[in-house]
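Data first, discussion second: the structure below is written as C-alpha cells.
Numbering (this note's numbering), first residue to last: 466 to 1190.
The following block contains the structure:
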C-alpha cells in the first residue's frame, strides 16, 4: 500500500542542504572552541598535560618504540610508555594510563621540552609552541598506541621522514586535534546535494525529503529460508520486512534485542540474492562488530579503513591485510619491504647528504607503492560481496565508482544526518538500524533561542542564521537541527509504515526491563526465558545469597537534605576550560561505594560491575573513592556506556537540591541508556524528592515505579561519615 505524503512534509532539498552547511560550520567551530586550550598548547607544563589527559585530549609519558610502513605507504609509529617514568623498578609490563585517545583520532606528537631547550624554542617560535608531526590513531591497546603519519597535515615544514626521525629517543606526548576530515566530507556531500539538479535525484532522495511516497513491504515469512534457526519471530519479521522493501526500511532495535544479530542474517540473505551490500556505521567499533560476526561465514568481505579491534578474524578482512596476503598484493608487499629497509638504514648514515639521498629514494618508492596499492585495493573492493566502512570512511577513494544494491547503516540514531548522506547520495535501497529512544549524536553547537515552537511533538528552536530570504524557505530552516537524525526524520515523515521493531530482549532481568518497556517501547518488550529471572546469585561462580545478590532492582533514596549536590566549577580552577561546569555529590558517592563494597564482599567480581553517572564531576569523585580499591571495576559516564552492558550496574544520579533542578536528567533518552545497561542487577542512587518534583513526568513516573517495585533503602549519612573517617 502506497503512503500519501502531504505537501507540508516535502523538504526543499537545496534549502535543507544550505542550512546543514551552516550548522556544520558552527558545530566545527564549537568543537574547536571547546578544546581551545588543548589546541593551542604544544609545550606545556606537566600538570597541564595531565589535565589534558584527564579531559580526554592527550596521552602523556610516551616514547617512539618502532616504525613500519602502513596503508598508502604511510609511516606508522608505535608509541609505548616511557620506562623512565612508568612502573620503575617493577617486573610488570608497562601500560598506558587512563586516557580518551581512540582509533580514528587525529593527533599531534609533541616532544617534552624543559629548561634551556624550552627557552630556545620560545626564541625560535615566539610563544614556546613546538609543533610535531600529525597523524591518525590506527590502533590502541593498554600497552601502546599506533599512529599513521601522512604528507598532508604535517605539523612541521619538513619532509615526513625527517619529522618522524626527530622523535627517536625523545620524551613524547600526543595531543588530540579537531578532525576536519569528517567535516570536510559532510560539507562536500551537502554542497553536492544543494547543487544537484532535480532530474539527478535518486528515488531514495525523493523519498527521504517527502517528494515521493514509499510502500509498506508485503511478504510471506514462510518463503524465506533462514541461515540462523535461532532467530525469534520479531527478528525474522524484521529481515523479511527489509528484504521486501523496495527503497527504505527502518529496523528499530531496543536495548538487548539482538539488532546486530539480525543485521548479520539480513546481510547473508542479501548476498544469497546476488546483491552487493555496503554496510556503514558512525564509529569504527560499530563497523568492526559486524565484520567480526561476518568473519566466520564464507561471504567475501572487505573492511575499508583501520579496524578498531585487532582480532585475527577482523584483520583478515581489512584492506591492510588483504593487500599483503592476496595474489595482487604480492608486488605491493615487495615495495613495502624495500621502503622499510630504506627507513631502517637512515639512522646508520653518517652524513646529511646520505640521508637526503635516502629521503629522495623513499619519496619515489612511496609513490610507486601508492600506485600499485591503489589498483590492488580497487580490485579487492570490486570483487567483494560486502564492503564495510565508517560513514565518513565511505567517502574515501576506495569506494569511488563502486556500485552497491543495498546500503545498510547500523547505529543510525547515533550519527549526524549529514554524515549519513556521505554514502547515501547515490543509494538505491537503504536500511537504517538503530534506537531513536537512546542518546543521539553529541552536538556541541546550540542555536540561540528566539522562541520555542513545537513541531511533531518535539521542541525546536528558531534560527538567526538562515541564509535565504524566501519566507517559505525560512519556515524550513527553523526546523532543521543537527540533533535531528535521519532515522528520526524518516520515522516522523513516513510513520510506522516504514519501521519494524525487535521485541525480544536477551539482556535484562524482567523487573529491570519493565519500566523502559512500558514508558518508551509501547509495552512490547519481552524478556527471553534465559534472562527474565536471572540474578547475581546465579553467576557461574560462587556468590553469596544476600539482600543485594538476590534483588534485581534497588533504590537508595537520598532524600532529606543530607546528600546535597555541588557544582564543580569553583573547584577545578583553570581546568574549567577543559572540563566545563559539572555536578558532584560526595555523600551520594559514599552510598555508591558502600553498595559496591557489599557486592564485592558477597563474591561478585569487580569486572562484572560498572558504576555510571551522567556527570563528569561525580565521575571524578567516584574514581577517587573506588579506582585504587577496585582496579577492575568499570567507571564511566552514562553517555559513554551506550551500547555496553554489565552483570551489575550502579547509577549515581547526583542531583539533590531544594529547587528540584535536574539539568540534563530531563532527557529521557539519557535515563533510558542508564537503566538498560544491566543484566542481573540495577542499583539506582538518587534523591526521589528532587527528581519526582522536578516537573518532568518521565522522572516522576520512574521514581514512582522504583518506590513500588524496587527494594527501597534509605542511607544513614552519619553512619557513612563515621565509616569514612
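In this text, a Cβ means the ideal position worked out from N, Cα and C, and glycines have one as well.
Beta-carbon proximity check, residue i vs residue j, cutoff 8 Å
i	j	result
residue 1116	residue 1100	no
residue 849	residue 767	yes
residue 1119	residue 1030	yes
residue 1147	residue 956	no
residue 1103	residue 1139	yes
residue 575	residue 597	yes
residue 1013	residue 1063	yes
residue 492	residue 911	no
residue 897	residue 952	yes
residue 1048	residue 1089	no
residue 842	residue 762	no
residue 769	residue 854	yes
residue 699	residue 1001	no
residue 561	residue 524	yes
residue 1027	residue 852	no
Residue interval of the beta strand (DSSP E) (run including residue i)
i	result
residue 546	540 to 546
residue 655	Counting along the chain, residue 655 falls outside any beta strand (DSSP E), though it belongs to the alpha helix (DSSP H) covering 645 to 660.
residue 1143	1143 to 1151
residue 633	Segment: none, residue 633 is in no beta strand (DSSP E) and carries neither H nor E.
residue 599	599 to 605
residue 714	713 to 717
residue 964	964 to 966
residue 744	742 to 746
residue 424	A question about residue 424 goes unanswered here, because the residues of the chain that appear run from 466 up to 1190.
residue 517	Premise fails: residue 517 lies in the alpha helix (DSSP H), 511 to 519, not in any beta strand (DSSP E).
residue 897	895 to 899
residue 996	Neither: residue 996 is in no beta strand (DSSP E) and is coded neither H nor E.
residue 613	610 to 614
residue 679	Per DSSP, residue 679 belongs to no beta strand (DSSP E) and is neither H nor E.
Sequence-distant residues of the same chain with beta carbon closer than 6 Å to residue i, five excluded per side
i	result
residue 1021	1056, 1150, 1178, 1180
residue 976	1017, 1018
residue 876	746, 747, 751, 899
residue 622	Confidence is the limiting factor: at residue 622 the pLDDT is only 37, short of 50, which leaves the residue's position unreliable, though a coordinate-based value still follows. Once the five neighbours on either side are set aside, residue 622 has no close Cβ partner at all.
residue 1108	none
residue 891	none
residue 1185	1055
Cut-off 7 Å between Cβ atoms - residues of its own chain near residue i, not counting five sequence neighbours on either side
i	result
residue 646	857
residue 801	534, 834
residue 754	725
residue 547	526, 527, 528, 636
residue 964	715, 717, 956
residue 605	566, 567, 568
CB-CB length for residue i against residue j, believed under 8 Å
i	j	result
residue 847	residue 804	That pair is no contact at about 26 Å.
residue 704	residue 743	Not quite, the Cβ-Cβ distance comes to about 18 Å (not below 8 Å), so this is no contact.
residue 481	residue 674	7 Å
residue 628	residue 544	Not confirmed; about 15 Å, so no contact.
residue 950	residue 880	7 Å
residue 542	residue 639	About 10 Å separates the two Cβ atoms, so there is no contact after all.
residue 631	residue 945	About 47 Å separates the two Cβ atoms, so there is no contact after all.
residue 683	residue 709	6 Å
residue 1091	residue 1067	No, residue 1091 and residue 1067 are not in contact; Cβ-Cβ is about 17 Å, not under 8 Å.
8 Å Cβ shell around residue i - same chain, five flanking residues per side excluded
i	result
residue 870	735, 740, 741, 742, 893, 894
residue 701	686, 689, 691
residue 971	721, 722, 723, 993, 995, 996
residue 1127	1120, 1155, 1156, 1159, 1161, 1164
residue 1073	1004, 1111, 1112, 1113
residue 816	none
residue 1134	902, 903, 904, 905
residue 641	500, 503, 521, 522, 523, 565, 566, 570, 571, 572
Where the alpha helix (DSSP H) containing residue i begins and where it ends
i	result
residue 753	749 to 759
residue 669	668 to 673
residue 978	975 to 985
residue 958	951 to 959
residue 1189	1182 to 1189
residue 736	724 to 737
residue 708	698 to 709
residue 889	882 to 889
Contact test: residue i Cβ vs the ligand GDP heavy atom, cutoff 7 Å
i	result
residue 573	Absence of the ligand GDP from the depicted structure is noted, as is the absence of any ligand whatsoever, leaving it without description.
Residue ranges of each beta strand (DSSP E) within the region 1087 to 1164, 3 or longer: Those beta strand (DSSP E) runs which fall completely within the region 1087 to 1164 and span 3+ residues are 1099 to 1102, 1111 to 1117, 1143 to 1151.
Every unbroken alpha helix (DSSP H) inside the region 823 to 851 [4 residues or more]: Those alpha helix (DSSP H) runs which fall completely within the region 823 to 851 and span 4+ residues do not exist here.
Alpha helix (DSSP H) runs contained entirely in the region 999 to 1074, provided each spans 4 or more residues: Within the region 999 to 1074, the complete alpha helix (DSSP H) runs of at least 4 residues are 1034 to 1037, 1041 to 1044, 1051 to 1066.
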